[in-house]
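Student:
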Amino acid sequence: MRISKLLIPLFIITLSVSLTLPAFADGGATFKARCAMCHGPEGQGKVGPKLAGTALTEDQITTLLTTGDDAKKAPHKKAISGLSADDAKAVAAFVKTLK
Ligand code: HEC
C-alpha cells in the first residue's frame, strides 16, 4: 500500500516529463532525409556546396535553416519547410561534426 502510494506520483511525474520534453531531434537522420540529396551524405557537396568543415557556426546554420537568407539561392532563400527549431539545431550540430 505504501509503495503504490509512492509509485503512482512517480509514474505521473515521469509521464509528464516525457510528454513535455520534445522528442529527441536526430540531426543525422534529418540530414540524411532533408539535406544529403543536395549536400551529399557526408556533406561533401553535390548540387549544394560542401558542408564538411564549414566555417559557419552552428547558430548561423540554424538561422539559415529556420529563417532562410534572401541573399542565398534556393532552397535557402526561405526556411526549410517542415523543419522545427529543434530539428534545425540538431541538424546544424550534425553538420558541424562532418569533417
Ligand atoms: C535542393 C537542394 C538543397 C537542399 C535540400 C538543401 N540545401 Fe543547403 N544549399 C543548397 C545550395 C544550392 C546552396 C548554396 C546557396 C548559395 O550559396 O546561394 C546551399 C547552401 C547551404 C549552406 C551554406 C553553405 C555556405 O558555405 O555558405 C548550408 C549551411 C546548408 N546549405 C545547409 C543545408 C542543410 C543543413 C540542409 C538540410 C536541412 C540543406 N542545406 C538542404 C542546396 C540545398
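FYI, the numbering for the sequence shown is 117 to 215, going by our numbering.
Ideal placement from N, C-alpha and C gives every residue a C-beta, glycine not left out.
Give the secondary structure of Ser197 by DSSP, where H, G and I count as helix, E and B as strand, and everything else as coil.
Tutor: Coil, per DSSP.
Student: Contact check, Thr146 vs Ala209 under 8 Å by CB: the rounded distance?
Tutor: Between Ala209 and Thr146 the Cβ distance is about 10 Å, and since that is not below 8 Å, they are no contact.
Student: May I ask which residues mark the beginning and end of the alpha helix (DSSP H) holding Thr179?
Tutor: Unbroken alpha helix (DSSP H) run through Thr179: 174-183.
Student: Confirm, please, whether the CB-CB distance from Lys215 to Gly143 is below 9 Å.
Tutor: The answer is no: Cβ separation not under 9 Å.
Student: Go through its chain and collect everything with a Cβ distance to Leu180's Cβ below 8 Å, but skip five positions before and after it.
Tutor: These residues qualify, in order along the chain: Leu172, Lys188, His192.
Student: Any heavy atom of the ligand HEC inside 8 Å of the beta-carbon of Lys215?
Tutor: No, the Cβ of Lys215 stays beyond 8 Å of every heavy atom of the ligand HEC.
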